[in-house]
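First residue of the sequence shown: 556, per the working numbering; consecutive thereafter.
Data block below; observations after.
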Amino acid sequence: MLESDTTSGQPLPRCVMPEPITPELIYHLKTVGDPALSPGGTLLAYTLGWVDEESLGARSRIMLMDLGSGSCKELTDGEKDSAPKFSPEGSQLAFLRSVDGNPAQVWSMAADGGDANQLTHAAKGVFDYAWSPDGKTMVVCGDVDPEENPQDGPEDLPQVTVVRRVRYRYDTLGWRGDSHFHLSVLDVESLESRQITDGDWDDTAPVWSPDGSQIAFMSGRRDDRDFLALSEVYTVPAAGGEPKLMSEGLFSVGALTWSPEGRRLAVVGSDAPEGMVLWQGWLYVLEDGKDPRRLTGDSIKPYLGFPPVMRPAALWWADDGRIIFLGERKGESFLFQAPSEGGPSETVWGGSCLSTGLTLDGKAGQAVVTASFPDSPGDLHQIDLATGASKRLSNHNDSYMEAHPAARMEKFSIERPGGASGFEIECRLYFPPGFDASLVYPLVLDIHGGPNGAFYDAFVPAQQVLATAGYLVLAVNPRGSSTYGADFMMAVLGDWGGEDYLDLMAAVDDVVQRTYVDADRLGVHGYSYGGYMTSWAVGHTNRFKAAVVGAPCINLHSMYGTSDIGISFGEAQWGGSSVDAADKMLERSPITYAADVDTPVLLLHGDADARCPISQSEEYFTVLKRLNKEVEFVRFPGCSHLFPRMGHPRMREEYLTRTLGWFNQYLA
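What follows is the structure, given as structure tokens:
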């Protein structure tokens, strides 16, 4: 609760609320994911994640729910179990398990419980797997290094690492070198395994054909694969053989499934040469010898997850010809169905949420999704595919949320120039519990990453921590945000710090007209591209009295050569390379405007960040210090770019604590 204003002498409003949502929520909230329905749809397996009270480490186990009775039990007892999948006949349940911090392996057990048996012993672990239709084999996706040799001499001697390719590392995955993901087929009885793909590229997302004779997968085999983040769909005989390209005509693909008869494939892909399928893809049907046939338009963005760090999203092709998939529209998630022969897509379920997990059972006519709402961190929901009726299945966070009510959200839009007829900029404003419009509140502008990410109707810990501490929080989706169509999303390319910045400032201008917003106590926070835009903003306006800059892009010219995606991302986003676009990169770099910064700046950055390297914050900190600006720099040891979402709980809590503390220091 904010009690006094040390900058203006004005009393801060007292919000009537049972308990604020504090940074310690990291230790209390549980996560649900990886839903998997049993054949017949009577059982649901899923991953439950939490933080261990003693070690403060992240833990996860497989839960099993009887959908008839609603009873639920803990099925596994490992420290990090995830990704459950029932065998085709339903008697076995496989899952991934990491033991003592070692890479995950595939394990299996009886579906009703019992001892678990380890099926794989891959040297670098298993990233993904899938049962064959007959349940006798699995296709396994794991890391392979063709040149890995035993170390010569004592193990404690330092060793050099040799780099031969641009993509030698990947954020969160770490050092890649000459390692690649490849596919192997495992006999689940004998545990004998044979590798069926190889080469200087990654092969991922394997899916069996209905008859078990073929495996479809994604791979980036173009000659320019190190410079462009593109992928294609191939098929390979399950017994091994020469892979066959199936996605001729598409620049990139992000998810796939087979048709029931096994002759066609449904994929989420893009025919745009920028290859930005992650941010705006379309649903296509692929058939050998024919051009890809597009089924969806710009109003729907099929959900893809975050490959290769996270497994691709599920697609399902029903016997009646419908293709069912998770999609997004204007910052909301839906379950859609599209006729495979063409025609309008229809909404089955959704809205006012963010959904990231899907499992379906066609015979039972049901789906289960994971969904987060603005006032709920995430639960499992059962959906009737015929009627769209839904039922919440899990309640792991109810007790916490009852004691710590979430901030109320209001959505509104403003009009801005852009496109053929102007752009509508959607905004979300979060109010503290007990909000009183007769009082005056400080406001924090929160800026998302990407730039092609988006804010959703979802529970965002940083926004909830700030709002329930007494701040108004403004979350804006400026041009460049996804889920608003390709034209809107592509409008940011080559224009970082241009109209996107003006969209954000226009949203602030609109909100500060409200009588309960204190225009003299404005803060700004952003992470990744949001960190770029936060540092850009304080170099172009003095309206903000405090800024929290997370993992920013500060110098586009140097980031081009130091980020793990500097070439593929930078050339698409910034309009060229560090050779032919050097002047524009520096002109659009926040470091160029460091002398104009008067706002106190807090830099938060993981020191193992390969996406926006920590050298970006080091550059900014150095120049601001040399200019005698007010700046503080916090380094998070061993943390990658995704640590605020996936990192060690202690580091995630520290990020929120530092953010709240900085705003309390300068705004309250």
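By construction, the Cβ of each residue, glycine as well, lies at the ideal position given by its N, Cα and C atoms.
Endpoints, the alpha helix (DSSP H) within which residue i is located
{"i": "Lys-1180", "result": "1170-1181"}
{"i": "Val-1063", "result": "1054-1066"}
{"i": "Asn-1007", "result": "No alpha helix (DSSP H) contains Asn-1007, which DSSP labels as neither H nor E."}
{"i": "Ala-958", "result": "953-958"}
{"i": "Thr-1214", "result": "1204-1222"}
{"i": "Val-1020", "result": "1016-1023"}
{"i": "Thr-1089", "result": "1084-1093"}
{"i": "Pro-709", "result": "Run containing Pro-709: none; DSSP gives neither H nor E here."}
{"i": "Asp-683", "result": "No alpha helix (DSSP H) contains Asp-683, which is instead part of the beta strand (DSSP E) from 681-686."}
{"i": "Phe-1198", "result": "1198-1201"}
{"i": "Met-1042", "result": "Note that residue 1042 is Asp in the sequence shown, not Met. Taken as a continuous stretch (DSSP letters only), the alpha helix (DSSP H) holding Asp-1042 covers 1041-1045."}
{"i": "Leu-1111", "result": "1111-1117"}
Cβ neighbours of residue i in the same chain (closer than 8 Å, five flanking residues each side left out)
{"i": "Glu-608", "result": "Tyr-582"}
{"i": "Pro-1204", "result": "Ile-581, Tyr-582, Val-606, Leu-611, Gly-612 and Ala-613"}
{"i": "Leu-1059", "result": "Leu-1000, Ile-1002, Val-1031, Pro-1033, Met-1088 and Ala-1092"}
{"i": "Ser-931", "result": "Asn-952, Met-956, Ala-961 and Phe-1014"}
When the options are compared against residue i, the one with the closest alpha-carbon
{"i": "Met-1147", "options": "Asp-621, Leu-1111 and Arg-614", "result": "For clarity, residue 1147 is Thr in the given sequence; the question names Met instead. Per the Cα distances, Leu-1111."}
{"i": "Phe-891", "options": "Ser-927, Val-1015 and Thr-942", "result": "Thr-942"}
{"i": "Asn-672", "options": "Pro-792, Val-661, Val-864 and Ala-992", "result": "Val-661"}
{"i": "Glu-787", "options": "Ala-793, Pro-765 and Val-832", "result": "Val-832"}
{"i": "Ser-895", "options": "Leu-584, Arg-877, Leu-599 and Ser-626", "result": "Arg-877"}
{"i": "Phe-990", "options": "Glu-1174, Pro-960 and Pro-1016", "result": "Pro-960"}
{"i": "Arg-819", "options": "Glu-829, Ala-1163, Ala-827 and Tyr-789", "result": "Tyr-789"}
{"i": "Ser-1132", "options": "Ala-1150, Ala-1149, Pro-1145 and Ser-1113", "result": "Ser-1113"}
{"i": "Gln-1128", "options": "Thr-812, Ala-1046 and Ala-1223", "result": "Ala-1046"}
{"i": "Tyr-1210", "options": "Leu-1159, Asn-1183 and Glu-1174", "result": "Leu-1159"}
{"i": "Leu-1197", "options": "Leu-800, Pro-1168 and Gly-690", "result": "Pro-1168"}
{"i": "Ala-975", "options": "Trp-837, Arg-849, Phe-1043 and Pro-828", "result": "Phe-1043"}
{"i": "Pro-867", "options": "Ala-685, Ser-663 and Gly-1078", "result": "Ala-685"}
{"i": "Val-694", "options": "Gly-767, Val-717, Leu-630 and Ala-659", "result": "Gly-767"}
{"i": "Phe-772", "options": "Thr-692, Ser-745 and Pro-798", "result": "Pro-798"}
{"i": "Leu-1157", "options": "Glu-1173, Ser-1144 and Val-1028", "result": "Glu-1173"}
{"i": "Glu-1142", "options": "Gly-1053, Asp-711 and Asp-1164", "result": "Gly-1053"}
{"i": "Phe-1231", "options": "Thr-597, Ala-1106, Val-654 and Ser-968", "result": "Examination of residue 1231 is not possible in this model, given that the chain is present from 556 through 1223 alone."}
{"i": "Asp-1065", "options": "Gly-1125, Glu-981 and Ala-893", "result": "Glu-981"}
{"i": "Glu-634", "options": "Ala-659, Tyr-858, Ala-893 and Lys-1184", "result": "Ala-659"}
{"i": "Ala-1101", "options": "Gln-769, Val-840, Lys-1184 and Gly-754", "result": "Lys-1184"}
Endpoints, the beta strand (DSSP E) within which residue i is located
{"i": "Thr-692", "result": "692-699"}
{"i": "Leu-935", "result": "931-939"}
{"i": "Ser-807", "result": "807-813"}
{"i": "His-737", "result": "735-742"}
{"i": "Lys-628", "result": "627-629"}
{"i": "Gly-1125", "result": "Careful: Gly-1125 lies outside any beta strand (DSSP E), inside the alpha helix (DSSP H) at 1121-1129."}
{"i": "Asp-589", "result": "586-592"}
{"i": "Asp-581", "result": "At residue 581 the sequence reads Ile, which differs from the Asp that was named. Looking at the DSSP string, Ile-581 is not in any beta strand (DSSP E); the run it does join, the alpha helix (DSSP H), is 580-583."}
{"i": "Ser-1144", "result": "It is not in any beta strand (DSSP E) - Ser-1144 carries neither H nor E in the DSSP assignment."}
{"i": "Cys-1108", "result": "Counting along the chain, Cys-1108 falls outside any beta strand (DSSP E), and DSSP gives it neither H nor E."}
{"i": "Ser-945", "result": "945-947"}
Cβ shell of residue i (< 6 Å), same chain only, five flanking positions each side left out
{"i": "Gly-732", "result": "Tyr-723"}
{"i": "Asp-874", "result": "Pro-815"}
{"i": "Met-620", "result": "Leu-599 and Cys-627"}
{"i": "Ser-764", "result": "Trp-813 and Gly-817"}
{"i": "Gly-729", "result": "none"}
{"i": "Val-571", "result": "The predicted position of Val-571 is uncertain, since its pLDDT is 47 and thus under 50; no value can be drawn from it."}
{"i": "Gly-669", "result": "none"}
{"i": "Gly-1081", "result": "Ile-1002, Met-1088 and Thr-1089"}
Same chain only: Cβ atoms within 7 Å of residue i, ignoring 5 sequence neighbours per side
{"i": "Trp-756", "result": "His-735, Ser-774, Gly-775, Arg-776 and Arg-780"}
{"i": "Gly-528", "result": "The displayed coordinates of the chain run from 556 to 1223. Any statement about residue 528 would go beyond what the structure contains."}
{"i": "Ala-1074", "result": "Val-1067"}
{"i": "Gly-804", "result": "Asp-826, Asp-846 and Pro-847"}
{"i": "Lys-585", "result": "Leu-603, Gly-604, Trp-605, His-951 and Asn-952"}
{"i": "Asp-853", "result": "Gly-1040 and Ala-1041"}
{"i": "Glu-829", "result": "Ala-1127"}
{"i": "Leu-537", "result": "For the chain, the structure presents residues 556 to 1223; residue 537 sits outside this window and is missing."}
{"i": "Leu-1048", "result": "Ala-1127 and Gln-1128"}
**Message:** Closer than 8 Å is the cut-off here; do at least three beta carbon pairs connect the stretch 796-814 with the stretch 822-836?
**Reply:** yes
**Message:** Check whether the stretch 706-721 and the stretch 632-645 touch, using three or more Cβ-Cβ pairs below 8 Å as the test.
**Reply:** Short answer: they don't touch.
**Request:** Could you tell me whether the stretch 998-1011 touches the stretch 1033-1040, where touching means 3 or more Cβ pairs closer than 8 Å?
**Result:** Yes: at least three Cβ pairs fall under 8 Å.
**Prompt:** Hey, which unbroken runs of the alpha helix (DSSP H) at 4 residues or more fall wholly within the stretch 757-782?
**Reply:** None, since the stretch 757-782 contains no complete alpha helix (DSSP H) of that length.
**Asked** Does the count of Cβ pairs from the stretch 1169-1187 and the stretch 737-751 closer than 8 Å reach three?
**Response** no
**Entirely enclosed beta strand (DSSP E) segments - the stretch 885-918, minimum 3 residues** = If we require 3 residues or more, the beta strand (DSSP E) runs fully inside the stretch 885-918 come out as 887-894, 901-905 and 909-916.
**Message:** Which runs of the beta strand (DSSP E) at least 3 residues long sit entirely within the stretch 837-872? Give them in chain order.
**Reply:** 837-842 and 870-872
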